[in-house]
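Working notes for the structure below.
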Amino acid sequence: MLNLSVLLEDAARETPDREAVVFGDLRLSYSFIDSVANQVANLLRSRGIGHGDKVALSCPNLPYFPMVYFGALKAGAVVVPLNVLLKPREIAYHLTDSDAKALFCFEGTPELPLGESGYAGFQQAEGCEHFFLLPANPSAAESPIEGAELFWAALGDQPNTFDPVSTGPDDTAVIIYTSGTTGQPKGAELSHSNLLTNAMVSDTLFERTLHDTSLVTLPLFHIFGQTCVMNVGFYRRATLVFQPRFEPKEAIDLMVKEKVNIFAGVPTMYWGLLTDDTSEENIATIRENLRVAVSGGSALPMEVLKGIKKKFDVDVLEGYGLSETSPVASFNRPDRPAKPGSIGLPVWGVEMKLIDDDWNEIEGEGPGEIAIRGHNIMKGYYNRPEATAEAIRDGWFRTGDVARRDEDGYYYIIDRSKDMIIRGGYNVYPREIEEVLMTHPEVSLAAVVGVEHPSHGEEIKAFVIRTPEATITEDELIAWGKEQFANYKYPRIVEFRDELPMTATGKILKRELR
Numbered sequence: 010m011l012n013l014s015v016l017l018e019d020a021a022r023e024t025p026d027r028e029a030v031v032f033g034d035l036r037l038s039y040s041f042i043d044s045v046a047n048q049v050a051n052l053l054r055s056r057g058i059g060h061g062d063k064v065a066l067s068c069p070n071l072p073y074f075p076m077v078y079f080g081a082l083k084a085g086a087v088v089v090p091l092n093v094l095l096k097p098r099e100i101a102y103h104l105t106d107s108d109a110k111a112l113f114c115f116e117g118t119p120e121l122p123l124g125e126s127g128y129a130g131f132q133q134a135e136g137c138e139h140f141f142l143l144p145a146n147p148s149a150a151e152s153p154i155e156g157a158e159l160f161w162a163a164l165g166d167q168p169n170t171f172d173p174v175s176t177g178p179d180d181t182a183v184i185i186y187t188s189g190t191t192g193q194p195k196g197a198e199l200s201h202s203n204l205l206t207n208a209m210v211s212d213t214l215f216e217r218t219l220h221d222t223s224l225v226t227l228p229l230f231h232i233f234g235q236t237c238v239m240n241v242g243f244y245r246r247a248t249l250v251f252q253p254r255f256e257p258k259e260a261i262d263l264m265v266k267e268k269v270n271i272f273a274g275v276p277t278m279y280w281g282l283l284t285d286d287t288s289e290e291n292i293a294t295i296r297e298n299l300r301v302a303v304s305g306g307s308a309l310p311m312e313v314l315k316g317i318k319k320k321f322d323v324d325v326l327e328g329y330g331l332s333e334t335s336p337v338a339s340f341n342r343p344d345r346p347a348k349p350g351s352i353g354l355p356v357w358g359v360e361m362k363l364i365d366d367d368w369n370e371i372e373g374e375g376p377g378e379i380a381i382r383g384h385n386i387m388k389g390y391y392n393r394p395e396a397t398a399e400a401i402r403d404g405w406f407r408t409g410d411v412a413r414r415d416e417d418g419y420y421y422i423i424d425r426s427k428d429m430i431i432r433g434g435y436n437v438y439p440r441e442i443e444e445v446l447m448t449h450p451e452v453s454l455a456a457v458v459g460v461e462h463p464s465h466g467e468e469i470k471a472f473v474i475r476t477p478e479a480t481i482t483e484d485e486l487i488a489w490g491k492e493q494f495a496n497y498k499y500p501r502i503v504e505f506r507d508e509l510p511m512t513a514t515g516k517i518l519k520r521e522l523r
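Just add 9 to the spot in the sequence shown (first one is 1) and you have the working numbering.
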């Protein structure tokens, strides 16, 4: 037996009274989080949801997330985390594609009405039978959404003890949705062994203290935050300070107040911390406490790395990974010199190599596409054997990322062979955007690329050929896109063209558009 929920259970046994989660005025112990997770497991069992069933979770960084996440795992279910910015159409797709039986969804705010979007998506989905609303006000007596079942009421008198379902190491624990350039997002199946091993290996990458405190501002629905912050944090019995949405000034205040000594973020977060005009007193406190800073998601600009070192006197260590690799594949390890700009060396138990388009290994410096093999590789894409076979051969996973390698074996990302855009640490997949843009009656053809942006890394730009009688303006198409996509996905820049550069076979030359 191996169940990822042991991360929470073991911490609750050994340090029951230690603060596991801090959020606002709430300071919740490991025993409390574990207790509610047990109630969630009992709730799912009472609804006939168990081993192998899919349970979707749409929730920002709130105490609800680990309660539901580990509760579902205890029940033997598979957790399907959803990006909180998804719109109803997108939610319905994810629920249907994953065969989810239940959706736990946070109520949200007037600015981000997650509950309303979630319930609308739930109603459009096929086969999803249960909707549990996680209320903004835990003492709410009634659900603000008609038809939605209130979380705390559903828990009711469910017992707060539960014997975890006996899952095997290779059983799927989590399905993380990702995508290449071949259309709709695909669900990467990560096993209990994938995730537990990756958390344990990640834990070795920086020295632990008797009691660590981490700022949790990376979204937990993303594999980076999930493995490297929540799961590693629970493994080392740390206190996790939750910030639902990154805002530099608030992040700095939390780091000062809670004496945070571990911070993990994407480059735009470091850019925010660097450019925030905080007091010298706050800077001094952070310099005194902050011991570990980790960056991933996309390349960290060298000037930002140098600026953080100068401002907070901490080295930012860069790593690399993907949803399909649980995620950590390489890191600037503590037992070797760190090389700024590098994604480091493969972590324990993981191999990396450079390959060409035909899977042949490239010796020396390269460049070539990174391929990875090890304990961290996903089982495959859920219900997509052909896509799995394209991505994995003889245990090696091809990443689509082009890199070079120096004489010491350190890797450096230099390009992406896929057309994926990384905007503020979020993956955006052009074909999905293009297909929806072309449903607009005045759009004839669309090509989406990423263009350089000073704070987000990349911004989304759409090149559009309009229909002959079209009158739509750039601003109008941008506004329409905002209604169709999650906030991080819609194109902020639209350029109308009479024609697009193409090859002889009709393939759009995106490199020329870039």
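Every residue gets a Cβ at the ideal spot worked out from N, C-alpha and C, and that includes glycine.
No experiment lies behind these values; they were computed from the predicted model shown.
Bridge-paired residues (DSSP) for residue i
i	result
CYS114	SER67 and LEU142
ALA456	PHE472
GLU461	GLU467
TRP405	ARG402
MET511	ILE517
MET10	Per DSSP, none; premise fails for MET10.
GLU557	In the structure displayed, the chain extends from 10 to 523; residue 557 sits before or after that span and is not available.
THR222	THR248
ARG432	TYR435
Residue i versus residue j: straight-line alpha-carbon distance, rounded
i	j	result
PRO228	VAL93	9 Å
MET429	ILE481	27 Å
VAL15	PRO168	19 Å
TYR329	TYR421	10 Å
GLN493	ASP417	47 Å
GLY165	ASN203	34 Å
THR190	ASP322	Bear in mind that a pLDDT of 41 at THR190, under 50, signals an unreliable position, so the model cannot answer this.
PRO194	SER107	11 Å
THR284	HIS384	39 Å
ILE317	ALA308	15 Å
GLY57	LEU159	18 Å
TYR419	SER351	7 Å
GLU508	ASP179	50 Å
TYR499	GLY490	5 Å
ASN341	GLU327	6 Å
ARG413	LYS320	31 Å
ALA513	LEU522	Note that ALA513 has pLDDT 43, beneath the 50 cutoff, so the model's placement of it is unreliable and the number below is only indicative. Their backbone Cα atoms lie some 17 Å apart in a straight line.
GLU23	ASP221	15 Å
ALA29	PHE74	13 Å
PRO72	ILE469	33 Å
LEU37	TYR497	31 Å
PRO153	VAL31	26 Å
VAL525	PHE230	The chain is shown from 10 up to 523; residue 525 falls before or after that span and cannot be answered.
Beta-carbon proximity check, residue i vs residue j, cutoff 8 Å
i	j	result
ILE261	VAL301	no
PRO310	PRO349	no
SER339	GLY353	yes
ARG382	TRP368	no
LEU53	ALA81	yes
ALA129	LEU104	no
PHE505	VAL458	no
LEU11	THR176	yes
MET76	ALA46	yes
GLY117	VAL174	no
PHE140	ALA163	no
ILE517	VAL503	no
ARG407	GLU378	yes
ARG246	ARG393	no
Candidates the options: closest to residue i by CA position
i	options	result
GLU99	ASP324, ILE474 and GLY127	GLY127
PRO510	GLU504, ILE502 and LYS519	LYS519
GLY409	TYR419, ILE423 and ASP415	ILE423
MET209	VAL238, THR187, ILE184 and PHE230	VAL238
ALA455	ARG54, ASP415 and THR476	THR476
ALA380	ASN392, TYR391, ASP366 and TYR390	ASP366
SER211	VAL337, GLU28, ALA488 and GLU125	VAL337
VAL356	ILE364, ILE371, ILE386 and GLU378	ILE386
GLY281	ILE401, PRO439 and GLY433	GLY433
ALA197	ALA396, GLN252 and GLY466	ALA396
LEU35	LYS470, ASN146, LYS388 and LYS63	ASN146
LEU199	ASP344, TYR435 and GLY61	GLY61
SER148	TRP161, GLY59 and ALA182	TRP161
THR287	MET278, LYS268, GLU259 and VAL269	GLU259
ILE524	ALA471, ASP172 and LEU91	The requested residue 524 is not part of the displayed model; the chain covers only 10 to 523.
Ignoring anything shorter than 4 residues or poking outside the segment 225–309, list the alpha helix (DSSP H) runs there in chain order.
241–244, 257–266, 276–284 and 289–298
Along the chain, which unbroken stretches of the beta strand (DSSP E) at least 3 residues long are found entirely within the segment 307–339?
325–330
Unbroken stretches of the alpha helix (DSSP H), 4 residues or longer, contained in the segment 32–95
39–55 and 73–83
Would you list, in sequence order, the uninterrupted alpha helix (DSSP H) runs of no fewer than 4 residues that lie entirely inside the segment 119–202?
123–133 and 160–164
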